[in-house]
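Chains as they are written, first to last, in our numbering: chain A, 75 to 391; chain B, 10 to 567; chain C, 3 to 274.
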Amino acid sequence: MSWGYLIRRLLAIILVLVIVTFAVFAITAILPGNAAIMILGEYATPDAVAALQKQLHLDQPWYMQYYSWVSGILLHGDFGMSLRLSLPVTQVVGEAFLNSALLAVTALVAVTIIAIPLGALAALKRGTAVDLIIGLFSYLGTALPEFVTATLLLVFLAAPNTGPFPAGGFVAPWEDLGGFASHIVLPAVTLGLILLAHVSRQVRSEMSEVLSSDYVRAARLKGLSERRVIRRHALPNSLAPAVAVISLDIGYLLGGIIVVEEIFAWPGLGRVLMYALENRDLPVIQAVTLLLAGIYAVSNLVSDIVIALLDPRVRYA
Amino acid sequence: MTVSLAPVATDANSSTEKPALVIRNYSLSYRTDNGLVSALKNIDLTIGKGQTVGLVGESGSGKSSMAWSVMRYLPPNAVETGGAIRLAGEEMLDFSPRQMADIRGSRMSMVFQDPSTSLNPTIRIGEQIAEVLMRHRGLTKIEAYAYAEAALARTGITRPKEMLGRYPHEASGGEKQRVVIATAFACEPELIIFDEPTTALDILTARQILDLFNQLREETNVSALYISHDLGLVSRVVDEVSVIHKGVIVESGPVQDVFRRPKADYTRQLIGAVPNPDRWIGVDAPAVPETLVKLDDVGVRYGAPTKLQKLFWPKDSETTGFWGAKGVNIDIRKGELLGVVGESGSGKSTIAKVLAGLQDFEGRLEFAGKTFANRKDIDRAYRRRVQLVFQHPDASLNPRQRIGTIIGRPLKLYGVVPADKVAARVAELLEMVRLPADYAKRYPHQLSGGEKQRVAIARAFAAEPDLVICDEVTAALDVSVQAAVAELLVKLQKDTGTACVFITHDLNLIRQLAHRIAVMHHGKLVDFFDRPDARSDDRDAYTKALLDAVPVPEAAIA
Amino acid sequence: MRKFFSSPTAVVGTLLLAIVLFAALFGPLVAPFDPQEFHPVARLQGPSATYWLGTDQFGRDLLSRVLNGAPATVAFGLFATAIGVGIGSVIGVIAGVSGGWVDSTIMRILDGLLAVPDLLFTLLIVTVLGGGMEHALLAVAIAFTPGMARIARSAVLSVRTRDYVRAAVARGESGFYIVTFEVLPNALSPIVVESTIRVSFAIMIGATLGFLGLGAQPPSTEWGLMVAEARQFMFRNPWCVAIPGLSIAMAALGFNLFGDALRDALDPRRSH
């Protein structure tokens, strides 16, 4: 892995983001409903509407709108003003981003810690009851949409007065760590379940493949202990594919976060997005979409670097 | 060359010690959906101390099952139905898995067919050798690495210390196999199983590994079971040989006796199938040499610079990419069989692709008065008259088409016969390649490897071409099938007068078939000669090395 | 065929799929009650002899509602996938077959679209089109297109370098013949497998949209909407959220298992 490779990857990410801006812009530009009317209300005078349209550049052709939007981001880090909240988009999105990151990272770390050993265990105990139970669980996990998981968790673990967890809301960790912890459990579990199921299944199949490889057979035929065969020879070789799967699943996680935040009233990007969609708040929609796509692209790059560190064949390629 | 490959004299008979390995009346089956399938039946085999025994068989003969049985490494669906396997007198069938783990790698070890898959890609080579020594010899890490370095040096690795720090993908195929051998010998085992250790290697590398095998055997007096499909090779390295066919050992004995006076029919058939360079089976050479196709200064560059690169970095554009073939001049005569020989990566398949119009090239390709300077110029007429047969019949036949459709396609495409005669012609073509006519209704997966290759050949000849290019067509087939396919080609050549370019790495085979032989090395044509001059002194040094590296079977000399 | 059913995945998957498809085809006919009929005396009940799976806040029979919602839910998954797979495959095949700049242009655009999470993409499109079942369906189909295009492309690419395709090129076959008779029949199985699994995702996303109020509208018996409508009452009668929720899971699981079993059966590496 050379600098040239990294630079090429960064260029590719920029290209992806450019295409995303186009796509987002195209979609939002054809959104029905005149944004100025939506902001001012139906009884606004035509003059006021025209003035606001001018202020929002809505009277200009689409490429000028696109240009002023993109140049605002690139030159001033300015995503524009929220149409509804009369606040800069960066301010609306910034705090929400932090809250979402807390949730997503918690879920992702939990998934990584649990899914890899679980998948490896299933592969090692292939064909036994343990494998069957893990398999059953993972199939069920991938078939439950977030809103169903969330609803069932709420029914059983967050009943008013008797349930061990709050039904929703958010407490910042720097204000009350215990409160934060109890609030994050249900959303994180909901968000992580599908990923957990999917990643553990992929790890199982990777690990099974590695376990039946020539070099693991060779390691066994050297008389090495089963412990060493698994820990030194088999596991490291199935880690790189596991990282690849997790990084691809981050896209799924970023989608899931929208539903989960909505259900658990978690004040993150998802809620902001839903609110913006309902109110046709174009600058916010654009910023959130771009942000989510950017996170996904960057996390894929990070995972490629991690994979290169895990696999010497990639490292020097 | 015969000297260093001669069997090492052993003291097996004079020794009173227990034999290294005794297998008595051993049988093995596999549980499958179709019930028990027998893999090994009543096997008897003895390897004396310091002795090397060859186990020779074609694919599916059970020779690999034998290796797994001895190593006690059987899949869960294996059922052992009796017998005994004794290592130095100890019954291994009674050993617990734990005891077996102690024996594997220390008293008994194994060298595998493909070193590129049997070494762990993410662990440095040093650790992969040292871990055996630490496990079985109880050495410390420092001691184990020092010992590993010595073991590597013994296998002829020039800079062993450097090699310890490398990953497998940073070593060549030959180096990797030396590492595997060093690991196998590390704990000075009583028995080593060699499972086709040279099959995945190039000719010259294979030869070096064989030499190494003989040298180490002499130095260590280890007992060995040498498993191979290659009779010629086995006859050069073993003392005794057992021939296995469909799970039964059909014949065993000292290697000279088995090859000179084979008793079993199967052994005779196997020996008959081994190509003997002195037995000519090809067609008569054309009386008047007449050029059919000519390659004029043909070159192929992989990863050639793009227009943009040429524009901005004109200096670099000369050096980017690499030449799969460069400056190749070959003429192919009407009705002849031209052999193209080389190791993998020599450019021989690149030439096949150029001839078949599958590869962009520089230079000129002349055919029947026309000159093509570019792959895209090549017209339908040329494509009809030059046909290609691929190495792997599994890959070259569309799995979703019936044999009749596959063979019938060129007939329809080129309008060789009227539409209503296609089925009849397909039947004729099947008969020509000695397949039953009702095979037309089958799908490729219902045929064996040899049968599939016959279908591919029938498809090539269906177009009634002037030239057929055979790219390693026998390489993926078993020995006995190889011989039959080669004979079939010769017969078709005799019947049709078609010229043939036969690309191969098998020098013994090509000397049976070809009128002229071209030798390629690193993308260049290094030698081009008439077959009778193969042993002439004017040959290129590389040609000589190749010829010397290939063992001519014992029986062939006798 | 016998080999296909030797794996438990295939047996369970086929069984679930059979139940789900039966419900989708005959559900409304076999439902014991009218799904919209109120039973004021029997509100928010658990399972009983009369109401096998209990009742909702209006005393409507949950079994009848779930059975009535089956056609909409399953049809949503099937059609959304079919459209997405159809358009995606065409794009992917074009990219894979043409190669060169056409391929790289298409791929770069797909990369960009794939960087937007499926659900977000769907939400954006639904917002543009406005809610409702048909628009939600179209949105899911469009959101699936880039992913399917990429799968179709890689299936074509893996086939394109096979020797039988090269043999056809060497013979001088037309591009049309090569694509239609040599490449496509062999590239089909990964596309079929992926589509089957995608149906389960389509069902899940469709239900999620219903739940968010952006898909099916009341008084529809679409399962996601049923969960959303019953949420207020879930602590008084968990059955009214559990039944539609688990129905979604069962339908998704059926397609998922069946697709996996299909993959195992079609994978040449695993068949002997």
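Every residue, glycine too, gets a C-beta built ideally from N, C-alpha and C.
Asked: Are the segment 320-332 of chain A and the segment 292-305 of chain A touching, with three or more C-beta to C-beta distances below 8 Å?; Found: no
Asked: DSSP puts B/G308 in a beta bridge; with which residues?; Found: B/E371
Asked: For A/H272 and B/A48, what's the separation of their Cα atoms in angstroms?; Found: 39 Å
Asked: Check whether the segment 163-179 of chain C and the segment 242-257 of chain C touch, using three or more Cβ-Cβ pairs below 8 Å as the test.; Found: no
Asked: Determine the DSSP secondary structure at B/D539, reduced to helix, strand or coil.; Found: strand
Asked: Buried or exposed for B/A15, going by 16 or more other Cβ atoms inside 10 Å?; Found: The predicted position of B/A15 is uncertain, since its pLDDT is 42 and thus under 50; a value taken from the coordinates is nonetheless stated next. Flag for B/A15 reads exposed.
Asked: Over the uninterrupted alpha helix (DSSP H) stretch that includes A/Q276, give me the two end residues.; Found: 251-285
Asked: Against A/A181, what residues of chain C qualify as contacts under a CB-to-CB distance less than 7 Å, listed in chain order?; Found: Chain C residues near A/A181: none, gap ~14 Å exceeds 7 Å.
Asked: Quick one: does C/D113 have its CB under 7 Å from some CB of chain A?; Found: yes
Asked: For A/K296, which three-state DSSP category applies?; Found: coil
Asked: Which value, in whole angstroms, describes the spacing of the CA atoms of C/A151 and A/L347?; Found: 28 Å
Asked: Between B/R216 and the rest of its own chain, which residues show a CB-CB distance below 7 Å, the 5 nearest in sequence each way excluded?; Found: A558
Asked: Between the Cα of B/N43 and the Cα atoms of B/E26, B/S36, B/N86, which residue gives the shortest distance?; Found: B/N86
Asked: Who are C/F183's beta bridge partners in DSSP?; Found: Per DSSP, none; premise fails for C/F183.
Asked: Using a beta-carbon distance below 7 Å, is C/G247 in contact with chain A?; Found: yes
Asked: Can you tell me which of the three DSSP states A/K128 falls into?; Found: helix
Asked: Which residues in the same chain have their Cβ closer than 7 Å to the Cβ of B/P295, if we skip the five residues on either side of it in sequence?; Found: R342, K343, G344, E345
Asked: Should the segment 278-297 of chain A be regarded as contacting the segment 226-234 of chain A, the criterion being three or more beta carbon pairs within less than 8 Å?; Found: no
Asked: In its own chain, which residues sit with a C-beta less than 6 Å from the C-beta of A/L267, not counting the 5 before and 5 after it?; Found: G215, T223
Asked: Name, please, each residue of chain B whose Cβ falls closer than 7 Å to the Cβ of C/P187.; Found: R409
Asked: On the DSSP bridge assignment, give the partners of B/A93 in chain order.; Found: B/R33
Asked: Which of the three DSSP states, helix, strand or coil, is assigned to B/W332?; Found: strand
Asked: Mind checking if A/L365 is an interface residue toward chain C, Cβ cutoff 7 Å exclusive?; Found: no
Asked: Please confirm whether B/Q60 and B/S232 have their CB atoms less than 7 Å apart.; Found: yes
Asked: Using CA atoms only, rank isn't needed, just tell me which of B/I253, B/D204, B/L210 is closest to B/L234.; Found: B/D204
Asked: Is the beta carbon of B/I253 closer than 7 Å to that of B/V64?; Found: The question names Val, but residue 64 of chain B in the sequence shown is Leu. Yes, the pair counts as a contact, with Cβ atoms nearer than the cut-off.
Asked: Beta-carbon of A/Y370 versus every beta-carbon of chain D: anything under 7 Å?; Found: Structure shown: chain D not included; protein chains present are A, B and C.
Asked: Given B/H401, which residues of its chain have a CB within under 6 Å of its CB, disregarding the five upstream and five downstream residues?; Found: A485
Asked: Whole angstroms are fine: how far does the CA of C/A117 sit from the CA of C/V95?; Found: 21 Å
Asked: Could you name each continuous alpha helix (DSSP H) segment of 4 residues or more that falls completely within the segment 453-530 of chain B, going from the start of the chain to the end?; Found: 458-471, 488-505, 516-522
Asked: When DSSP builds the beta bridges, which residues end up paired with B/H254?; Found: B/V257
Asked: Taking the continuous alpha helix (DSSP H) assigned at B/S47, which residues delimit it?; Found: Here B/S47 belongs to no alpha helix (DSSP H); instead the beta strand (DSSP E) covers 44-56.
Asked: Under 7 Å, do A/L328 and A/L366 count as touching if we go by C-beta distance?; Found: yes
Asked: Examine the Cβ distances between the segment 519-536 of chain B and the segment 177-185 of chain B and report whether three or more of them are shorter than 8 Å.; Found: no
Asked: Quick one: what's got a C-beta closer than 6 Å to B/G391's C-beta in the same chain, skipping five residues either side?; Found: Looking at the sequence provided, one finds Tyr at residue 391 of chain B rather than Gly. Around B/Y391: F376.
Asked: Between B/M91 and A/G297, is the Cβ-Cβ spacing less than 7 Å?; Found: Here residue 91 of chain B turns out to be Gly, not Met, going by the sequence shown. No.
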